[in-house]
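What follows is a single structure, written as structure tokens, with notes after it.
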Amino acid sequence: MIFPDDFVWGAATASYQIEGAVKEDGRGQSIWDTFSHAPGNVFDGDTGDVACDHYHRYRDDVALMRSLGLQAYRFSIAWPRIQPDGRGPVNPPGLDFYSRLVDALLEAGITPYVTLYHWDLPQALEDTGGWTNRDVAYAFADYAEAVYGKLGDRVDHWTTLNEPWVAAFLGYGNGVHAPGHRRAGDAMRSAHHLLLGHGLAARRLRDLGAKSLMLVVNSAPVLTPAQVNDPSAVPSEADAEAVDRIHALLTRQFLDPALHGSYPAEVLDAASRNGGLDHIHPGDLEIINAPIDQIGINYYNPCVVSAGPGTPADAAWPGSEDILFGTADAPTTAMGWPIVPDGLSRLLVRLSQDYPQVGLMVTENGAAFDDVVENGHVHDHDRVAYLEGHLREVHRAISAGADLRGYLVWSLLDNFEWAEGYRRRFGIVHVDYGTLERVPKDSALWYRDVIGRNGL
Ligand code: FCB
Numbered sequence: 007m008i009f010p011d012d013f014v015w016g017a018a019t020a021s022y023q024i025e026g027a028v029k030e031d032g033r034g035q036s037i038w039d040t041f042s043h044a045p046g047n048v049f050d051g052d053t054g055d056v057a058c059d060h061y062h063r064y065r066d067d068v069a070l071m072r073s074l075g076l077q078a079y080r081f082s083i084a085w086p087r088i089q090p091d092g093r094g095p096v097n098p099p100g101l102d103f104y105s106r107l108v109d110a111l112l113e114a115g116i117t118p119y120v121t122l123y124h125w126d127l128p129q130a131l132e133d134t135g136g137w138t139n140r141d142v143a144y145a146f147a148d149y150a151e152a153v154y155g156k157l158g159d160r161v162d163h164w165t166t167l168n169e170p171w172v173a174a175f176l177g178y179g180n181g182v183h184a185p186g187h188r189r190a191g192d193a194m195r196s197a198h199h200l201l202l203g204h205g206l207a208a209r210r211l212r213d214l215g216a217k218s219l220m221l222v223v224n225s226a227p228v229l230t231p232a233q234v235n236d237p238s239a240v241p242s243e244a245d246a247e248a249v250d251r252i253h254a255l256l257t258r259q260f261l262d263p264a265l266h267g268s269y270p271a272e273v274l275d276a277a278s279r280n281g282g283l284d285h286i287h288p289g290d291l292e293i294i295n296a297p298i299d300q301i302g303i304n305y306y307n308p309c310v311v312s313a314g315p316g317t318p319a320d321a322a323w324p325g326s327e328d329i330l331f332g333t334a335d336a337p338t339t340a341m342g343w344p345i346v347p348d349g350l351s352r353l354l355v356r357l358s359q360d361y362p363q364v365g366l367m368v369t370e371n372g373a374a375f376d377d378v379v380e381n382g383h384v385h386d387h388d389r390v391a392y393l394e395g396h397l398r399e400v401h402r403a404i405s406a407g408a409d410l411r412g413y414l415v416w417s418l419l420d421n422f423e424w425a426e427g428y429r430r431r432f433g434i435v436h437v438d439y440g441t442l443e444r445v446p447k448d449s450a451l452w453y454r455d456v457i458g459r460n461g462l
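Positions in the sequence shown are counted from 1; adding 6 to them yields this note's numbering.
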């Protein structure tokens, strides 16, 4: 199974999950510092204070990437390192860190993929309402420009946002993530302002000369329980409506405005019943519909639903109170997430048909398992099987005509898994949180061979 010649192989991380050094070189506070330090939010009280200490060990981490043959590395910039208060003058040492990282990557022959926002909003902006405040979208574009000004001469691939659905609906809806608001209306509003920030930043970067722009979404095929194991199963009319509505809320809410300049009716309906539509100003959709080159897809598992009666309303899903969320009949990872590899090909084929004007990239895919270190090795056969199964589906989607340009495994390193803290290990490289020692797991060595052969 050989992949196209120019197919890009790599791995992804995010700033707050790996960097540590939260008080160094003028970094301001982020909403994840605040949230993780407040009791009860993160498993075991874990915080990103030290994380993988990547801020100090980035050179070794780049050397590790090189030894694995990675062609691309997707990382994010911590906004509070660049503008400690989210606005105003930039903090040169913060920009310098990423500049050194980019140089080290380029020297190692690894293409940097920069994400501007992977959830670590400056706390000072949260103090003004965070993403519920429209001004934050404009501040984001200024921040994007500042980063581009430093790195734009060496970085071609720019992503505005990572997973705006999660940022809005877990951050402002059900409160599982920072900043921990629990209001459906706040979530709908934040989702729109995130999109506005995307559009403003994408236009700004394009004007400045950015070569490739991407929006990364957490997407999933939405399936009825029967469709999980039988793609040809025909849902009832009521189930089909539930499936379409959840697809609209999860995926089309972001990709339709970004790529078609319009919101799905289901999203407008959910917003009008949760806080109203006043936050959508005339002209916003034109701004959001900025030309971009690729969409990044983060895929872990399908979304399984059927017509209600629903579970008690979860503020992460305004507009779906009458829908029943189920789970796929499949083995699960340590996160309890069902393993359904062909969900990925079904998703990629559909998105390539719905949004033919852009290319696709799998910007995250991977799994947490309860790894054990034995004599300095981690024999993570379950992760190898997960990755191999999903890569077969990536190949299948390409054969079916999807314009798929690359695959980035989540994650390079075990890291701070948000509300789950350090107990969930997604890395292909093991991190000992006592010594911070890195040990490539069997999956890393397997992945190196996949890259070397450009296939399975
Ligand atoms: C995604 C996030 C990423 C990581 C994985 C497991 O939602 O983008 O940071 O936590 O899930």
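All C-beta atoms in this analysis are idealised placements derived from N, C-alpha and C, irrespective of residue type, glycine included.
- Short of 7 angstroms from the beta carbon of residue 19, and not among the five residues preceding or following it, lie these beta carbons of its own chain, in chain order: 81, 417, 418, 419, 421.
- For residue 22, the enclosing alpha helix (DSSP H) starts and ends at 21–24.
- Boundaries of the alpha helix (DSSP H) around residue 454: 448–459.
- Per DSSP, reduced to three states, the secondary structure at residue 293 is helical.
- Leaving aside the five residues that flank residue 285 on each side, the residues in its chain whose CB is nearer than 6 angstroms to its CB run, in chain order, 195, 198.
- The C-beta distance from residue 167 to residue 221 rounds to 6 angstroms, short enough to fall under 8 angstroms.
- For residue 252, the closest of 23, 323, 234 by C-alpha to C-alpha distance is 323.
- Residue state for residue 462 is assigned as coil, using DSSP reduced to three classes.
- Residue 18 is bridged by DSSP to 80, 416.
- Segment contact: the stretch 348–356 against the stretch 279–298, fewer than three CB-CB distances shorter than 8 angstroms; contact not assigned.
- Look at residue 169: its beta carbon is less than 7 angstroms from one of the heavy atoms in the ligand FCB.
- Taking a C-beta distance under 8 angstroms as the contact criterion, residue 123 and residue 163 do not qualify as a contact pair.
- The three-state reading of DSSP puts residue 331 in strand, counting E and B together.
- Excluding sequence positions up to five before and after residue 295, its CB lies within less than 6 angstroms of the CB of 267, all in the same chain and listed in chain order.
- Secondary structure at residue 225: coil, using DSSP grouped into helix, strand and coil.
- In terms of Cβ geometry, residue 307 and residue 340 do not form a close pair [threshold 8 angstroms].
- Annotation for residue 304 indicates a beta carbon within 7 angstroms of some heavy atom of the ligand FCB.
- The residues 355, in chain order, have a CB closer than 6 angstroms to that of residue 406 in the same chain once the five nearest residues on each side in sequence are set aside.
- When secondary structure is reduced to three states using DSSP, residue 302 falls in the strand class.
- Judged by DSSP in its simplified three-state form, residue 142 adopts helix.
- Residues 75 of the same chain have their beta carbon placed closer than 8 angstroms to that of residue 458, with the five preceding and five following residues left out of the count.
- Within 7 angstroms of the C-beta of residue 20 there is at least one heavy atom belonging to the ligand FCB.
- Under the three-state reduction of DSSP output, residue 266 falls in the helix class.
- DSSP places residue 341 outside both helix and strand once states are collapsed to three, so it counts as coil.
- The beta carbons of residue 169 and residue 47 sit no closer together than 8 angstroms.
- The C-alpha of residue 431 is placed about 20 angstroms away from the C-alpha of residue 66.
- In this structure, 248 is the residue among 248, 30, 61, 186 with its C-alpha nearest to the C-alpha of residue 329.
- Ranked by Cα distance from residue 126, the options 59, 22, 313 are led by 22.
- Between residue 429 and residue 109, the C-beta spacing is not below 8 angstroms.
- Annotation note: the stretch 101–142 contains the following uninterrupted beta strand (DSSP E) runs of length 3 or greater, listed N- to C-terminal: 117–123.
- Residue state for residue 380 is assigned as strand, using DSSP reduced to three classes.
- Considered as a whole, the stretch 155–183 harbours 163–168 as its complete beta strand (DSSP E) runs of no fewer than 3 residues, in chain order.
- Straight-line measurement puts the Cα of residue 102 at about 41 angstroms from the Cα of residue 359.
- Pairing residue 240 with residue 232, the inter-Cα distance amounts to about 8 angstroms.
- A straight-line Cα-Cα distance of about 50 angstroms links residue 59 and residue 244.
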